[in-house]
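Report on the following structure.
There are 2 protein chains.
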Amino acid sequence: MTFQEFKNRIKVTTPAKDCPISRTLELLSGKWTSRVIYELEKYDQIRFGELKKNLNGITNTMLSNTLKNLEEKGIVIRTQYNEIPPHVEYSLSDSGKAMLSIYYEIGKWGETYLS
Amino acid sequence: MTFQEFKNRIKVTTPAKDCPISRTLELLSGKWTSRVIYELEKYDQIRFGELKKNLNGITNTMLSNTLKNLEEKGIVIRTQYNEIPPHVEYSLSDSGKAMLSIYYEIGKWGETYLS
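Those protein sequences? They're chains A and B, same order as listed. According to my numbering, the first sequence is numbered sequentially starting from 48. According to my numbering, the second sequence is numbered sequentially starting from 48.
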């Protein structure tokens, strides 16, 4: 799909349940969802506590709900290491990593319009 | 900024208040914000009632708060027509229209990973 095809296509009203954009926006619509994914883009894997430290204002419950939800959707991978002491690391699946191109466009927009 | 420069840059932890991505994510973080902008991308201008009809589940209060907030941020333009009967139309500013490239990436992601 080229950008021109895309521009023509959005003029046609597609029911939200069939539209890949509406469905992705729905998936990203939680208060912290897109920010948690963006933090995960920066690391190969990261622990809960470190992640929380990077997300100013998030509570334990909000972060664990967001991670669980993204795990169910196949975007986040939770790996448990049975070492001593046992610990858990979070990382992005291939679909989560592929969201980096969305953040790239967001970054370019922010640089242009929020400076 | 090329995609490669972007990839290198996000590894460096930038405080959220200086990071154009974090600031844009913050701006888009309301429950309906990104979906309202996406609806507005489809029209040159649109009335409140039509917009509401396209956003399944939104209440009058949620829609008017989202629009007011986006107007304050310079993304949405509210135009009042003093005809009889008077009416109001909503449209996107140039910065709002420029978000179309973000939705393009979101659409490509959704086509690939939600099909």
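Ideal Cβ placement from N, Cα and C applies to all residues, glycine included.
Run of the alpha helix (DSSP H) containing B:I68, from where it starts to where it stops: Counting from one through the second sequence, the residue named residue 68 of chain B turns up at place 21. For B:I68, the enclosing alpha helix (DSSP H) covers residues 67-74.
Any C-beta of chain B within less than 7 Å: which residues of the region 71-92 of chain A qualify? For the region 71-92 of chain A, which is checked against every Cβ of chain B, the residues closer than 7 Å are T71, L72, S76, K78, S81, R82, Y85, E88, K89.
Could you check whether the region 100-114 of chain A touches the region 50-57 of chain B, counting it as contact only if at least three pairs of C-beta atoms, one from each stretch, sit closer than 8 Å? Segment contact: the region 100-114 of chain A against the region 50-57 of chain B, fewer than three CB-CB distances shorter than 8 Å; contact not assigned.
Using a 10 Å radius around the Cβ and a threshold of 16 neighbouring Cβ atoms, would you call B:E130 buried or exposed? Translated into positions along the second sequence, residue 130 of chain B becomes position 83. Classification of B:E130: exposed, given that the 10 Å Cβ count is below 16.
Can you list, in chain order, the stretches of the alpha helix (DSSP H) that have 4 or more residues and sit fully within the region 90-162 of chain A? Complete alpha helix (DSSP H) runs here, min 4: 95-101, 107-119, 141-144, 147-160.
Could you give the distance in angstroms between the alpha-carbon of B:E158 and the alpha-carbon of A:N101? Here the question's residue 158 of chain B lines up with position 111 in the second sequence. Here the question's residue 101 of chain A lines up with position 54 in the first sequence. For the pair B:E158 and A:N101, the Cα-to-Cα distance works out to about 31 Å.
Test item: CB-CB of A:K58 and B:K144 under 8 Å: For the purposes of this step, residue 58 of chain A is taken as residue 11 along the first sequence, with counting starting at 1. For the purposes of this step, residue 144 of chain B is taken as residue 97 along the second sequence, with counting starting at 1. No. Outside cutoff.
Taking Cβ positions, are B:P67 and A:G154 nearer each other than 8 Å? For the purposes of this step, residue 67 of chain B is taken as the residue at position 20 of the second sequence. For the purposes of this step, residue 154 of chain A is taken as the residue at position 107 of the first sequence. A contact, by the Cβ cut-off of 8 Å.
Please report the straight-line C-alpha distance between B:E118 and B:S140, rounded to a whole angstrom. On the second sequence, residue 118 of chain B is found 71 positions in, with the first residue counted as 1. On the second sequence, residue 140 of chain B is found 93 positions in, with the first residue counted as 1. Those two C-alpha atoms are separated by around 9 Å.
Are B:L98 and B:Y137 closer than 8 Å when you measure CB to CB? For the purposes of this step, residue 98 of chain B is taken as residue 51 along the second sequence, with counting starting at 1. For the purposes of this step, residue 137 of chain B is taken as residue 90 along the second sequence, with counting starting at 1. Yes, these two residues count as a Cβ contact at 8 Å.
I'd like the span of the alpha helix (DSSP H) that includes A:V83, first residue to last. Here residue 83 of chain A refers to the residue found at position 36 of the first sequence. 80-88 is the extent of the alpha helix (DSSP H) around A:V83.
Would A:E160 and B:S142 be called neighbours here (beta carbons separated by less than 8 Å)? Counted from its first residue, the first sequence places residue 160 of chain A at position 113. Counted from its first residue, the second sequence places residue 142 of chain B at position 95. Rather than Glu, the amino acid found at residue 160 of chain A in this sequence is Tyr. For A:Y160 and B:S142, yes; Cβs fall inside 8 Å.
Using 10 angstroms around the beta-carbon of A:S111, count the other beta-carbons present and answer buried if the total reaches 16, otherwise exposed. Position 64 of the first sequence, counting from 1, holds the residue named residue 111 of chain A. Classification for A:S111: exposed.
Residues of chain A with CB closer than 7 Å to the CB of B:F95, please, in chain order. For the purposes of this step, residue 95 of chain B is taken as the residue at position 48 of the second sequence. Going along chain A, no residue has its Cβ under 7 Å from B:F95, so there is no contact; the nearest lies around 17 Å.
Taking the C-alpha atoms as reference points, what is the distance between A:N116 and B:R94? By one-based count along the first sequence, residue 116 of chain A stands at place 69. By one-based count along the second sequence, residue 94 of chain B stands at place 47. When rounded, the distance between both Cα atoms is 35 Å.
What first and last residue would you give for the alpha helix (DSSP H) that runs through B:K54? Position 7 of the second sequence, counted from the first residue, corresponds to residue 54 of chain B. Residues 50-58.
Cα-Cα, which of A:L147, A:N103, A:Q92, A:Y150 is closest to A:T126? Numbered from its first residue, the first sequence carries residue 126 of chain A at position 79. Out of A:L147, A:N103, A:Q92, A:Y150, the CA that lies nearest to the CA of A:T126 is found in A:Q92.
Quick check: is the beta carbon of B:M146 nearer than 8 Å to any beta carbon in chain A? As a working mapping, residue 146 of chain B is identified with position 99 in the second sequence. Answer yes: the Cβ-Cβ gap between B:M146 and chain A drops below 8 Å somewhere.
Tell me, to the nearest whole angstrom, how far the beta carbon of B:L72 is from that of A:S81; I am working on the premise that it is less than 8 Å. The count along the second sequence starts at 1 and reaches residue 72 of chain B at position 25. The count along the first sequence starts at 1 and reaches residue 81 of chain A at position 34. Indeed they touch by this definition, with Cβ atoms about 5 Å apart.
Could you name the residues of chain B that A:P132 contacts, counting a contact when the two beta carbons are closer than 8 Å? Position 85 of the first sequence, counted from the first residue, corresponds to residue 132 of chain A. What A:P132 touches in chain B: nothing, since even the nearest Cβ is about 26 Å away.
Chain A contact for B:Y150 (CB, 8 Å cutoff): For the purposes of this step, residue 150 of chain B is identified with residue 103 of the second sequence, where counting begins at 1. Yes, because at least one Cβ of chain A sits closer than 8 Å to the Cβ of B:Y150.
So with Cβ pairs under 8 Å, would you call B:S142 a contact of chain A? Within the second sequence, numbered from 1, the residue matching residue 142 of chain B stands at position 95. Chain A contact via Cβ: present.
Taking Cβ positions only, does A:M48 come closer than 8 Å to chain B? To locate residue 48 of chain A, count along the first sequence from 1; it is residue 1. Under the 8 Å criterion on CB atoms, A:M48 is classed as interfacial with respect to chain B.
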